[in-house]
Structure formats: structure tokens, C-alpha cells
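A.B. asks: In this text, residue positions in the sequence shown follow this note's numbering: the first is 30, and each later residue adds one. I have a structure I would like to understand better, so I am pasting it below and will then ask my questions one at a time.
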Amino acid sequence: KMKQQTKMRSSFTATHVTYDEEDPLGEAFALFSLFPVFLVCSLSTLVAFNRDLRVCYVLLCLLLTTGGCSIVKRIVAQVFAEHTNHHLRPETSELTSPGMPSNHSACSAYVAFFAILFAKRRLAHITSSRCYIRFVERLCLALATCVVSSMCAYSRVRLGHHTIPQVCVGLLYGSFMGIFSYIGYEFYFVTTLAPWIESFTILQQLGFHLPDDLHDAPQCNGIKHQRYENKNEKSL
30 KMKQQTKMRS
40 SFTATHVTYD
50 EEDPLGEAFA
60 LFSLFPVFLV
70 CSLSTLVAFN
80 RDLRVCYVLL
90 CLLLTTGGCS
100 IVKRIVAQVF
110 AEHTNHHLRP
120 ETSELTSPGM
130 PSNHSACSAY
140 VAFFAILFAK
150 RRLAHITSSR
160 CYIRFVERLC
170 LALATCVVSS
180 MCAYSRVRLG
190 HHTIPQVCVG
200 LLYGSFMGIF
210 SYIGYEFYFV
220 TTLAPWIESF
230 TILQQLGFHL
240 PDDLHDAPQC
250 NGIKHQRYEN
260 KNEKSL
């Protein structure tokens, strides 16, 4: 007879969430804690069906934020392990991976800052009632994102998976990534990189595009409209 061997099994920490059964709001905060996973799934679905280059950019920066946070965790754990225990998770957490900084908090802060800046930048370009309605929609979505992001960050402490310093550092790191990513989006991506990406025939056939929204990216409309005019002239 073959002996059954017990194998060690690991948990996928991105979706592994535990909570105190005595906490009446434990399940709700466990759902808030899955906000980054929901973001990745939602953005990936939008990329697959809409082929919007703006969504591709946001998703890529979100993944870079997550990857960068994981690298920082390992560095902090190796460099400061002998001097401090801030990298260790609370005793209530079942996770054994380093906890400084909080990856969930970093992703939440990144999305919140990017969404607020994206909506605020459009305030200066309201020229019609349609633009105003679109701005209000984006502002409400950005505010809702901030609320959910705050709840996600708080849930990591409430559920006992991170300490307050770990969450605070994660928020600072995510805020920096959100601001830096938006600056790159506004002054490089929509003006230079996205039009260059659109020029590839294979991507055009796949349907990847930067929406020609008059009140979305004012600084690149001249470039986009000129390109469309040239296309129309050639077709004539």
C-alpha cells in the first residue's frame, strides 16, 4: 500500500481573507479587502471587450504598483529585519509574508488619487451641459472610489492582517504612484505614446484605440483630429 504523504499547501494571499467570527462587520470588511482583486478583474474585462488604451494604461500602472510594493516588502524584510519588527504582520494574521508596506492599501490609494486627478483636470474644460454631466459622473465615481479605497485600507487593520504603520506606508506609496502615473498619462501617454500605439496595424485590427473624447484629453485633440482629417482626405 502506498503511504499518503501530507504536503504543505500555500494560500494565494491576494484572495485569502480571514476575519473574526465575533465581528458583526467581519464579512463586509472582508469584501472591502478584496477591492484590488475586483479592480484587476474589472479593468482586465474592460481591456478585453472595449480595447480602450486608457484602461490599458491604468491596469498596467496598477500592476506596476503591486509589483513594486512586493519588491519593497522583500527589501524592507531583508534590510531592516535585525533592527525593527515593523515588517512583521500582527499575531492575529495567518499570513507569513512580510507586511510592510500594505499592498492592498497601496493599490487602493493609487486608484483613488488617479481617479480624483482624472476628474479634477476636466473641471477646467467644461464648455457645455454635456461636459458638465460627464464631469459630475466622473467626480461621483472618483469619490466612490475614494470611499471604497479608504474602507479597503481600514479593513486590513480591522481584520488583523496589517498594522497601522504598514497601512500608512502603503497609502503613501500608492499615492505617489497615483500622482506619478497621472502625470505620465496626461503629459506623455495621451499626447505621444497612445497615438504611436494606435499606428500599429495589428492593434488597429484588434480594435485598440484612444477614445476621441473632446473633454477627455484636450491637449491631444489637435493631434487626433488632424490624424482623422488626414485619413478622411486619403479615403476621398
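No residue lacks a Cβ here, since even glycine has one placed at the ideal position from N, Cα and C.
(1) In terms of alpha-carbon separation, which member of 196, 75, 63 and 166 lies closest to residue 129?
(2) Return the chain-ordered list of same chain residues with a C-beta closer than 8 angstroms to the C-beta of residue 240, the five sequence neighbours on each side being excluded.
(3) Tell me which same chain residues have a C-beta within less than 7 angstroms of the C-beta of residue 174, skipping the five on either side of it?
(4) Would you mind stating whether residue 138 and residue 200 have Cβ atoms separated by less than 7 angstroms?
(5) Determine whether the beta carbon atoms of residue 266 and residue 94 lie at a separation below 7 angstroms.
(6) Do residue 62 and the ligand HEM come close, with the Cβ less than 6 angstroms from some heavy atom?
(7) Enumerate in chain order the residues of its own chain whose CB-to-CB distance from residue 182 is below 8 angstroms, with the five nearest sequence positions on each side excluded.
(8) Along the alpha helix (DSSP H) that carries residue 66, what are the first and last residues, could you check?
(9) Can you tell me whether residue 187 is buried or exposed, with buried defined as 16 or more other CB within 10 angstroms of its CB?
(10) At which residues does the alpha helix (DSSP H) containing residue 196 begin and terminate?
(11) Rounded to the nearest angstrom, what separates residue 127 and residue 103 at their Cα positions?
(12) What three-state label does DSSP hand residue 133 in the structure shown?
(13) Go to residue 95, then tell me how far its alpha helix (DSSP H) extends in each direction, as first and last residue.
C.D. replies: In terms of the structure at hand:
(1) 196
(2) 81 and 83
(3) 140, 141 and 144
(4) yes
(5) Past the boundaries of the shown model lies residue 266; the chain is included only from 30 to 265, so the question cannot be answered.
(6) You won't find the ligand HEM in this model; it holds no ligand whatsoever.
(7) 131, 133, 134, 137, 138, 196, 199 and 200
(8) 64 to 79
(9) buried
(10) 193 to 213
(11) 7 angstroms
(12) helix
(13) 82 to 108
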